[in-house]
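Heads up, the sequence shown is in my numbering, so the first residue is 98 and it goes up one at a time.
Positions of the beta carbon are idealized from the N, C-alpha and C atoms, including for glycine.
Have a look at the structure below, then the notes.
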Amino acid sequence: MADSFKKGALVRVNRKAYVGSLEAAASAPEPPAYLLEGPGEVLLVNQTHAQLRFRKPVPDVWLRLDQLEPYAGT
């Protein structure tokens with residue numbers, strides 16, 4: 098799964114995979130729009146998680162790779 102996202106890739110969070118997860122439970126009840134709309138840039142990848150940075154004044158986050166999808170852009 099780590100091969101699916103590389104450093105520098107642009108991603109967004111898949112709502113269905115995120116809602117109800119442990120990560121969502123540790124955050125606000127409704128995920129912020131920037132998380133679901135993207136893009137977030139992959140900074141680091143380990144076996145199961147990726148560290149993401151968004152173009153907003155928010156902290157970097159670690160999310161599971163199965164919660165991410167490629168950012169298609171607009």
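- The secondary-structure analysis by DSSP pairs Gln148 across a beta bridge with Leu141 and Trp159.
- Annotated three-state conformation of Glu166 is strand, per DSSP.
- At the C-beta level, Arg152 and Pro128 stay beyond 9 Å of one another.
- Assignment of beta-bridge partners to Val116 by DSSP yields no partner.
- The closest CA to that of Ala130, considering only Phe102, Gln144, Arg109 and Pro167, is found on Arg109.
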